[in-house]
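Accompanying notes for the structure given below.
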Amino acid sequence: MDTSLAAPYTTAFGFERTVGPQIGAFLAGLRARRLLGVRVGEDRVLCPVAEFDPVTSAATGDLVELEPSGTVTAWTWVDPREGWDEPIDSPYAWALIRIDGADNTFFHRVDTGGDPARMTPGLRVRVRWAADPVGSIEDIVCFEPPAEPPVPGATDPGAEIGEPVATIEAPFHVDYTYVAGVGRSVYLRGMAERRFLARRCPGCHQVYFPAPDHCARCLQVLDAPFEISGTGTISTFCIVNLPFPGQLVDPPYVVAYINLDGTGNKLQHRVLEVAPDAVAVGMQVEPVWAPETDLEPSLASVRYFRPVDPTLRVPVADQEARDA
Amino acid sequence: MSERIAVVGVGQSHQAKRRQTSIAGLVRESVDAALADAGLGFADIDTIVLSKTPDLFDGVMQPELYLADAMGAVNLPVTRVFTGGSVGGHAAIYAAHLVQAGLAERVLVVAYSKESEGNFTWALSRPLPFHVSLGAGAGGHFSPVIREYIHRSGAPEHIGWQVAVNHRLNATRNPLAHVQMPDITVEKVRDSPMLWDPVRFLESCPTSDGSAAIVVTGEDEAERISAASGRRPAWVHGMSWRTETGHFAGRDEVNPQAGADAAADAYAQAGITRPAEELDVAELYIPFSWYEPIWLENLGIAGIGHGWRMVDDGRTAFSGDLPVNPSGGVLSGNPTGATGLVRFAEAAQQVRGLAAGHQVDGVRRAVGHAMGGASQFHAIWVVGAEKP
């Protein structure tokens, strides 16, 4: 089959971002429902606050209080996207807003009640604060018209701003389609059938398992796959002693580079059914396959390798139980 | 080489497990220090090169964009170089190439890592479809290679302990270094927890927050700038970079061809035929202590199988004839995106005579070295106190 295996793949993780003193003070202002700008150079004010002047790269200066209102300079209308957690019920605009008293623009949402016709150049807008501000840019739910007169109690100039915000959560989430590649899919499909499919380079005659599509030495397309036994020799190894999240086996356990018989490269895998301190460079090992129902196009179909010599093996009831 | 290249400014931040600054603020510390060293301002810089690890390490997508103001990159060409842990070394060489090509006159090279904002181990070992999750962890690549080195060379196990002691004692001379262990001994290293057998905790590098920056120029600019600043430049005598893939059939992981070729190329440019005698100090990318003898051999400083003897004979300690990592090295501070540039910059400071507390006496020539991936990316430069 000359198609590639592919599978959905999500990578997601939370980062904790240190924001620095200037942006930290800006966020603390939002938490108190007060909008701060920052002075740069002789006579300019930036809102939102930046740590460095985007024009001169100089460090920004003193913080100044601004009215939470401004003027739309540009926008784009966005329709709700399925699966997105939107803070506004109706469609809205992403807009550049020049805050009154500032020289730059603020990128944020503008809510016109779902009506794109109300978005006009020069539209006057004011901040709509979140019900429970926490010190985040999302403390501003959006901007909305009209700017005047101010809504009583919508902002509180007397509110205590408090300590600058030190860090913010910065979650990361990307959904990918992971494509294994046509070449690698050959050996991966073999794994699902308990077969080791190796390929030879017509240029340097090196044999690869796992086999890509091209030789990494001479860049030629590898020859047709052929089956090898899957037994091999431990080229080198380490004993993992430290516990960390996601381990399938409790430490200590052996992770080895194994040179399969008849091949020139190495694969990395666990070596079990042997005491870690009895593992040695040069030890002959053989694969132990997963049960039929657990076979998959992955080296995970081999649960682990074990010594070929049965006298070197020790019972692994514990390891197997944890592994399964 | 064609045009002569020099380093005229160097800046580094303090390294720590966690720096309570924004990434931009962290970068700016080194940028300001490098410009001050060179006696230059943002208006004098005409090109910027950024060195940074993969985005997932700290979660900032396109840091070259986010940091444009912190780096002073307004209206300037910015390039991000991207070669794993060696990236800082590659960025320095790339900057030199821009000057040699006539595309720039005064290049600011900027490097940082702030891994404390994310989770380094997670970013390195995410479970991918079709892959087996082995639980090897961050040391799972290097530790087996170290075992193979020990197996081949017959080196005694105390070599790894001694390197760890040497580098940590060196770090006590360098106030910017993250790890400060003035009371370290070989016994303490020996008795520290085994992480990835044969690698122990105190034989391993930390992850650090930190930044570095250098200013690279051609000959005329270097003379003008150093005359004004009163600080002499470091002249680049040879530089090279090489790459190989991670797992090709027949690969020698202990002595990667790409590393050996890069070193041979750099020495040839510098006219060096006996590196152990002609180099006065080395700043090498040593994330685990056993990589000192491994790289001494790979870089042609020691014969194959003999690198560990240089350690055992005390030749690579601070008082030896070829001190390795007088700054404390990667074992004492590892802001990954900057680690390679720190090695290159420390080599430059040694030949400039500006390495302060960890200055080695009488350094005329020094080597800076960086390695990335599973020993796949190799960068090296030889710098000297005199023009090449």
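The listed protein sequences derive, respectively, from chains A and B.
Taking the numbering used here, the leading residue of the first sequence gets 1, the next gets one more, and so forth.
Taking the numbering used here, the leading residue of the second sequence gets 1, the next gets one more, and so forth.
No residue lacks a Cβ here, since even glycine has one placed at the ideal position from N, Cα and C.
All values derive from a computational prediction rather than experimental measurement.
Residue burial classification, residue i (beta-carbon count within 10 angstroms, cutoff 16)
| i | result |
| --- | --- |
| Cys-238 (chain A) | buried |
| Val-15 (chain A) | Residue 15 (chain A) is actually Phe in this sequence, not Val. Buried is the call here. |
| Met-191 (chain A) | buried |
| Ser-2 (chain B) | exposed |
| Thr-336 (chain B) | buried |
| Asn-75 (chain B) | exposed |
| Ser-22 (chain B) | buried |
| Ser-319 (chain B) | exposed |
| Thr-311 (chain A) | exposed |
| Val-285 (chain A) | buried |
| Phe-107 (chain A) | exposed |
| Arg-274 (chain B) | exposed |
| Pro-315 (chain A) | exposed |
| Trp-84 (chain A) | exposed |
| Ala-34 (chain B) | buried |
| Leu-103 (chain B) | exposed |
Check whether residue i and residue j have beta carbons under 9 angstroms apart
| i | j | result |
| --- | --- | --- |
| Pro-455 (chain B) | Ser-133 (chain B) | Outside the modelled stretch of chain B, which goes from 1 to 388, sits residue 455 (chain B), for which no answer is possible. |
| Gly-415 (chain B) | Val-81 (chain B) | There is simply no residue 415 (chain B) to check, as chain B begins at 1 and stops at 388 in what is shown. |
| Asn-241 (chain A) | Ala-249 (chain B) | no |
| Leu-267 (chain A) | Ile-161 (chain A) | no |
| Val-174 (chain A) | Gly-262 (chain A) | no |
| Phe-344 (chain B) | Gly-89 (chain B) | yes |
| Ile-286 (chain B) | Gly-329 (chain B) | yes |
| Cys-142 (chain A) | Gly-101 (chain A) | no |
| Arg-168 (chain B) | Ser-30 (chain B) | no |
| Leu-195 (chain B) | Ser-143 (chain B) | yes |
| Gly-210 (chain B) | Leu-56 (chain B) | no |
| Val-109 (chain B) | Ser-51 (chain B) | yes |
| His-378 (chain B) | Ala-370 (chain B) | yes |
| Ala-70 (chain B) | Val-342 (chain B) | no |
| Trp-241 (chain B) | Ile-380 (chain B) | yes |
| Val-163 (chain B) | Ile-184 (chain B) | no |
| Arg-147 (chain B) | Val-19 (chain A) | no |
| Pro-297 (chain A) | Arg-194 (chain A) | no |
| Phe-305 (chain A) | Ile-258 (chain A) | yes |
| Glu-138 (chain A) | Pro-80 (chain A) | no |
| His-237 (chain B) | Ala-270 (chain B) | yes |
| Gly-230 (chain A) | Pro-307 (chain A) | no |
Near the ligand NAP: residue i beta-carbon under 8 angstroms from a heavy atom
| i | result |
| --- | --- |
| Ser-69 (chain A) | Among the ligands in the structure shown, none appear at all, so the ligand NAP cannot be discussed. |
Cut-off 6 angstroms between Cβ atoms - residues of its own chain near residue i, not counting five sequence neighbours on either side
| i | result |
| --- | --- |
| Trp-295 (chain B) | Leu-284 |
| Gly-183 (chain A) | Pro-212, Asp-213 |
| Pro-323 (chain B) | Val-281, Val-360 |
| Glu-105 (chain B) | Asp-46, Glu-221 |
| His-14 (chain B) | Leu-176 |
| Arg-200 (chain A) | Val-207, Asp-223 |
| Arg-309 (chain B) | none |
| Ala-258 (chain B) | Arg-242, Thr-243, Glu-244, His-378 |
| Gln-12 (chain B) | Ser-30, Leu-176, Ala-212 |
| Ser-208 (chain B) | Gln-15, His-178, Gly-333, Asn-334, Pro-335 |
| Gly-246 (chain B) | Ala-374, Gln-376 |
Neighbourhood of residue i by C-beta distance below 7 angstroms, restricted to the same chain and skipping five residues each side
| i | result |
| --- | --- |
| Ala-38 (chain B) | Val-8, Gly-9, Val-215, Ile-225, Ser-229 |
| Ala-234 (chain B) | Ala-6, Val-7, Ala-348, Val-351, Arg-352, Val-383 |
| Gly-24 (chain A) | Pro-164, Val-165, Ala-166 |
| Pro-182 (chain B) | Thr-172 |
| Tyr-291 (chain B) | none |
| Val-254 (chain B) | Val-145, Glu-148, Tyr-149, Arg-152, Ile-294 |
Cβ neighbours of residue i in the same chain (closer than 8 angstroms, five flanking residues each side left out)
| i | result |
| --- | --- |
| Thr-11 (chain A) | Phe-172, His-173, Val-174, Tyr-176 |
| Ala-68 (chain B) | Val-74, Val-78 |
| Ala-279 (chain A) | The sequence as given places Val at residue 279 (chain A); Ala does not occur at that position. Correct list, in chain order: Ile-234, Phe-237, Ile-239, Val-254, Ala-256, Val-271. |
| Val-38 (chain A) | Gln-22, Phe-26, Val-45, Leu-46, Cys-47, Val-49, Ala-50, Thr-60, Gly-61, Asp-62, Leu-63, Val-64 |
| Ala-28 (chain A) | Gly-135, Ile-161, Gly-162, Glu-163, Pro-164, Val-165 |
| Asp-323 (chain A) | Bear in mind that the predicted position of Asp-323 (chain A) carries a pLDDT of just 46, short of 50, making it too unreliable to give a figure here. |
Please confirm if the stretch 140 to 151 of chain A is in contact with the stretch 177 to 188 of chain A, defined as three or more CB-CB distances below 8 angstroms between the two stretches. no
Say whether the stretch 111 to 121 of chain B touches the stretch 347 to 354 of chain B, bearing in mind that this needs 3 or more beta-carbon pairs closer than 8 angstroms, one atom from each stretch. no
Per the contact definition of three or more C-beta pairs closer than 8 angstroms, is the stretch 260 to 280 of chain B in contact with the stretch 288 to 304 of chain B? Because the criterion of three Cβ pairs below 8 angstroms is met, the stretch 288 to 304 of chain B and the stretch 260 to 280 of chain B touch.
Enumerate, from N- to C-terminal direction, the unbroken beta strand (DSSP E) stretches of 3 or more residues contained entirely within the stretch 36 to 113 of chain B. Here the runs fully enclosed are 47 to 51, 78 to 81.
Given 8 angstroms, three or more beta-carbon pairs between the stretch 180 to 190 of chain B and the stretch 295 to 310 of chain A: no
Which residue spans inside the stretch 180 to 265 of chain A form an unbroken beta strand (DSSP E) run of at least 3? 196 to 200, 226 to 228, 232 to 240, 253 to 260
Count the C-beta pairs between the stretch 112 to 126 of chain A and the stretch 63 to 73 of chain A that are closer than 8 angstroms, then say yes if the count reaches three, no if not. yes
Whole runs of the beta strand (DSSP E) within the stretch 96 to 170 of chain A, excluding any shorter than 3 residues: 106 to 110, 124 to 129, 140 to 144
Going residue by residue through the stretch 189 to 257 of chain B, where are the continuous alpha helix (DSSP H) segments of at least 4 residues, counting only ones entirely within it? 219 to 229
Along the chain, which unbroken stretches of the beta strand (DSSP E) at least 3 residues long are found entirely within the stretch 285 to 321 of chain A? 302 to 307
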